[in-house]
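Residue numbers (the numbering used here): 15 to 105. Okay, so here's the structure we're looking at.
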């Protein structure tokens, strides 16, 4: 699979790291235990088109939001991911 980075152009998959589904939003700091549990452990296993976060560590070090069909691996869009980074991965 090849990904077309909006900053670097077409690149091999090995330059990227998959983070996961782009849909879940981190619960507020005062959210209850159930909300945190749902955020960490309960994810949809979509068989079809979904938005995902990917990190281009082998290139421009940008976070990307990629819309991909999980059955065919066809990528329909790649864009910079807003609000993703240290807070998203807990660094």
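The C-beta atom is built at its ideal place from N, Cα and C for all residues, glycine as well. This one's a predicted model, so the numbers in the text were calculated from it and none came from an experiment.
- Going by DSSP, residue 47 is part of the alpha helix (DSSP H) stretching over 47 to 55.
- Straight through space, the alpha carbons of residue 35 and residue 16 are spaced by roughly 19 Å.
- One thing to note: residue 78 has its Cβ no nearer than 8 Å to the Cβ of residue 96.
- Non-local C-beta neighbours of residue 40 in its own chain, meaning closer than 7 Å and more than five positions away in sequence, comprise 53, ordered along the chain.
- Assigned with DSSP and collapsed to three states, residue 85 falls in coil, not helix or strand.
- Shown here for residue 81: same chain residues with a beta carbon closer than 6 Å to its own, the five before and five after excluded, namely 65, 90 and 91 in chain order.
- 63 is the residue among 22, 63, 68 and 69 whose C-alpha sits nearest the C-alpha of residue 88.
- In this structure, residue 67 lies near residue 98, with their beta-carbon atoms less than 8 Å apart.
- Residue pairing by DSSP places residue 35 opposite 66 in a beta bridge.
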